[in-house]
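The sequence shown begins at -13 in the numbering used here and counts up one residue at a time. We treat Cβ as the ideally placed atom computed from N, Cα and C, and that holds for glycine. As the structure is a prediction and not an experimental result, all values here were calculated from the model. These notes are about the structure you will find just below.
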Amino acid sequence: MTDTAESLDPLRLPLQGERLIEASAGTGKTFTIAALYLRLLLGLGGQAAFPRPLSVEELLVVTFTEAATAELRGRIRANIHELRIACLRESTDNPLYASLLEEIADKQQAAQWLLLAERQMDEASVFTIHGFCQRMLSLNAFESGMLFELQLIEDESELRYQACADFWRRHCYPLQREIAEAVHALWKGPEELLRAIERYLQGEAPVIKSPPPADETLASRHEKIVAKIAAVKQKWIESVGEIDAIIENSGIDRRKFNRGNQGKWIDKITAWAQEETRGYQLPDALEKFSRRFLVERTKADGIVPEHPLFVEIETLLAEPLTLNDLMITRAMAEIREAVSREKRRRGELGFDDMLSRLDAALCSENGEALAAAIRTRFPVAMIDEFQDTDPQQYRIFRRIWRQQPNTALLLIGDPKQAIYAFRGADIFTYMKARSEVEAHYTLDTNWRSSPGMVESVNALFSRMDSAFMFREIPFQPVKFAARNASLRFEFNGVNQPAMNFWLLDGEGCGVTDYQHAMAQHCAAQIRDWLSAGTRGEALLWKGNTSAPVKASDITVLVRSRQEGGAYP
-13 MTDTAESLDP
-3 LRLPLQGERL
7 IEASAGTGKT
17 FTIAALYLRL
27 LLGLGGQAAF
37 PRPLSVEELL
47 VVTFTEAATA
57 ELRGRIRANI
67 HELRIACLRE
77 STDNPLYASL
87 LEEIADKQQA
97 AQWLLLAERQ
107 MDEASVFTIH
117 GFCQRMLSLN
127 AFESGMLFEL
137 QLIEDESELR
147 YQACADFWRR
157 HCYPLQREIA
167 EAVHALWKGP
177 EELLRAIERY
187 LQGEAPVIKS
197 PPPADETLAS
207 RHEKIVAKIA
217 AVKQKWIESV
227 GEIDAIIENS
237 GIDRRKFNRG
247 NQGKWIDKIT
257 AWAQEETRGY
267 QLPDALEKFS
277 RRFLVERTKA
287 DGIVPEHPLF
297 VEIETLLAEP
307 LTLNDLMITR
317 AMAEIREAVS
327 REKRRRGELG
337 FDDMLSRLDA
347 ALCSENGEAL
357 AAAIRTRFPV
367 AMIDEFQDTD
377 PQQYRIFRRI
387 WRQQPNTALL
397 LIGDPKQAIY
407 AFRGADIFTY
417 MKARSEVEAH
427 YTLDTNWRSS
437 PGMVESVNAL
447 FSRMDSAFMF
457 REIPFQPVKF
467 AARNASLRFE
477 FNGVNQPAMN
487 FWLLDGEGCG
497 VTDYQHAMAQ
507 HCAAQIRDWL
517 SAGTRGEALL
527 WKGNTSAPVK
537 ASDITVLVRS
547 RQEGGAYP
C-alpha cells in the first residue's frame, strides 16, 4: 500500500469492506463518525451505501475508555434527534443534515425510523473493547465455551501484589548474601519489582525475544558472572607488568591517552583485581584498556596496542553482568500464572481475561461459528481511537470482519498518537493494519486551528522523512478551514506569528540550567500576555470580534512532571 491516502468525503465513503480512516486532531473525527452512523441508520449514500438500513443495536461502535463511550453515545443520540427534527421540518441550517436530507426520499418515514433509534439509544451497541468482549462471551456462551457465570473483577492490583510478594519470598529469601545484594541493587523489594513489570502483566503475555535458559537460576547466573569477572582479574594481575611497555611502543595518541592518567588507571584496576569478587561493579578505568578504546585513541598511521587482555576486557564490558533479565522473565511468567490460578480458584474473570477468552474462542474449533454469530449481530463495526489497539484486539477484529461479504469494518484513529506506548498504544499494530487494509483515507482539513498554525505545522513536519520515527507512519499535511481565516493573536498592536522558537543565547549550558532559563522565559512571556490582556493589548481575534487573553486560554506542555516544576 502506498503512503498516499485518499481524501475522505464522509457522505460518499463506501460502507462495505475494510476502511482505515486517519484523523489528525481538529480534522472533524466526531463529525465523520456522526455522518457515517446516520448514513448507516438510514441506508444513505447511493452506490456507496450499506445494503440495508441498520438499527442502533446492529451498529457496533468500539472505543477505549468508559468516558469516551458515554460521550460518544451522547453525541450519537443528539445527532439522531437533530436529524429527526430536520426531517420533520424538511429544512435545516446544519450542512451535514442538509446534505443527508437531499438523499432522503421519504422524510416522514425517515423521521419515524430515527425516532425509533432515538428511543433505543440505551440499548445502542457503543462499548469499550472489554465491554464488547464481555457481551460477546455471554451472548454466545455455547460457541465461546463460557457455559458458566464468572464474577467480573475490575481491579487485579491486589492479586498481582500478593503474587509478586510470594515470588519475592520464594526466590529472594533463600539467596546467599552477595546474590541478595545484587538483587537489592535492582529492586529494594517486591513493590519496586512490581512497578517495573506491571505493564507486562496486563493484556497478552509479551514475547521474550531471547529468553534465558529454562534451567538457569539466580545462583547459577551469579556464579557465571562472578567467574567472568574473576577471570579478567586474574588475567590483569598476570599481565599488568606488560601494559606500560606495550602502550609506550604503540602508536597511541598521548593527547587522548595521557601518561599520568594511565598510571592512575592501572593502579585503580590493580587494586580492584586484588579484591575478592562479590558484586558486579567494574571500575570505570577498565574501559580505557579495552581494545576498542585503544583503537579509537591510536593515531591514524600508528600501531594499535595489542594484548589478549585488551580483548578479554572488551568482551567482559560487552556482557550483560546483571540478574535483571532473568529476574524479570521469571517474575512475569510466575506472577501471571499465579494470578490466573487464583482467579480460577475464586471463579473470577478480569478485563484482560475477556479479551483472551474471546481471542481463544475465535481460534478454536467453533471459532468460525462464533465469528459468524457476531457478524450477524453486528454487520458493521466502527473502531474509534484505533491507534490504541494492541495486537490481540486487532486480531479479534480481523477474525470477525476481515474480508467478509456484506459487512464493514471502519478503523478510525490518529497514527501519530500510536507512538505513545505509555498509553498502551502499539505502533506496530497500527503499521500492520495500515499494510493490510487497502482502502486508506484521511481527513484533510483542520477545522480548529488558524491558517498560520496549520501551515506552520505542515512546514515543520514536511521537512522530515520520518517525523514519527517510522516511514510507515508518514506526515499527512492538512488544509485550514476557510471559516478560520480570520483567527489571529494580536499583542501590543502587532499580529503574532503562529509558531516561535526560543533559542538560548551563548555557547550552551547544562540541562538543568537550560530548563530553568526556558521556564523563566516562558513564565515571563505568560505574565506579559496576561498583563496586556487586562489592558486590552493582548487580543484573540475571530473576524471582527476580539477577546482579551486570559489564563484559561494558555496551555504549557512539558515532557515530564519534573520539567513542569522547573520554575519555583
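- Between Lys15 and Ala9 a beta carbon distance of about 4 angstroms is seen, short of the 8 angstroms cut, so the two are scored as contacting.
- Distance check between Leu27 and each of Leu69, Leu172, Glu305 and Lys285 places Leu69 closest, using alpha-carbon atoms only.
- With contacts defined as CB atoms closer than 9 angstroms, Lys418 and Gln373 fail to qualify as a contacting pair.
- The three-state secondary structure of Trp99, taken from DSSP, is helix.
- According to the DSSP secondary-structure assignment, Thr431 is paired through a beta bridge with Lys465.
- With fewer than 16 neighbouring CB atoms inside 10 Å of its own CB, Glu52 falls in the exposed class.
- Judged by DSSP secondary structure, Ile66 falls outside any beta strand (DSSP E) and instead within the alpha helix (DSSP H) spanning Glu52 to Arg75.
- Boundaries of the alpha helix (DSSP H) around Gln511: Val497 to Thr520.
- Here Met340 is near Cys119, since their CB atoms are less than 9 angstroms apart.
- Shown here, Pro534 sits in a strand according to DSSP, grouped into three states.
- When only Cα atoms are considered, Leu490 and Arg513 end up about 19 angstroms apart.
- Going by beta carbons, Met122 and Arg59 fall outside the 9 angstroms limit.
- In this structure, Arg63 sits near Glu104, with a CB-CB distance shorter than 9 angstroms.
- Between the segment 468 to 480 and the segment 428 to 439 there are three or more C-beta pairs closer than 8 angstroms, enough to call the two in contact.
- Remark: C-beta atoms of Arg25 and Leu(-3) approach each other more closely than 9 angstroms.
- Comparing C-alpha distances from Gln94 to each of Val112, Thr78, Cys73 and Asn80 shows the shortest one belongs to Cys73.
- Taking all protein chains in view, the Cβ of Thr541 is surrounded by fewer than 16 other Cβ atoms within 10 Å, so the residue is classified as exposed.
- DSSP lists Glu334 as the bridge partner or partners of Gln137.
- Phe454 and Gly399 have their C-alpha atoms spaced approximately 15 angstroms apart.
- The C-beta separation of Glu273 from Leu303 comes to about 6 angstroms, placing the pair in contact by the 8 angstroms criterion.
- Taking a cut-off of 8 angstroms for Cβ pairs, the segment 232 to 246 and the segment 285 to 295 touch, as three or more such pairs fall below it.
- Contact between Gly519 and Val535 holds: CB atoms are separated by about 4 angstroms, below the 8 angstroms threshold.
- Ile211 is positioned such that its CB atom lies closer than 9 angstroms to that of Tyr266.
- With fewer than 16 other CB atoms across the displayed protein chains lying within 10 angstroms of its CB, Lys174 is exposed.
- Residue nearest to Glu305 within the set Trp258, Asp270, Ile215 and Asp376 is Ile215 (criterion: CA-CA distance).
- Secondary-structure assignment with DSSP links Glu476 through a beta bridge to Asn481 and Leu525.
- For Ile369, the uninterrupted beta strand (DSSP E) segment begins and ends at Val366 to Ile369.
- For the 9 angstroms CB-CB criterion, Gln389 and Thr415 do not form a contact.
- DSSP, read as helix, strand or coil, puts Phe113 in strand.
- When Asp370, Ser538 and His507 are compared, the shortest CA-CA separation from Leu6 is found for Asp370.
- Per DSSP, the continuous beta strand (DSSP E) segment holding Arg5 begins and ends at Gly3 to Glu8.
- Considering only Arg264, Ala96, Ala191 and Leu446, the residue with the shortest C-alpha distance to Glu320 is Ala191.
- At a cut-off of 4 residues, the continuous stretches assigned as alpha helix (DSSP H) that sit fully inside the segment 133 to 192 are 143 to 158, 163 to 172 and 176 to 183.
- The alpha-carbon separation between Leu395 and Glu334 amounts to approximately 32 angstroms.
- Per the coordinates, the alpha-carbon of Met318 lies some 20 angstroms from the alpha-carbon of Leu307.
- By the criterion of at least three beta-carbon pairs nearer than 8 angstroms, the segment 38 to 49 is in contact with the segment 351 to 364.
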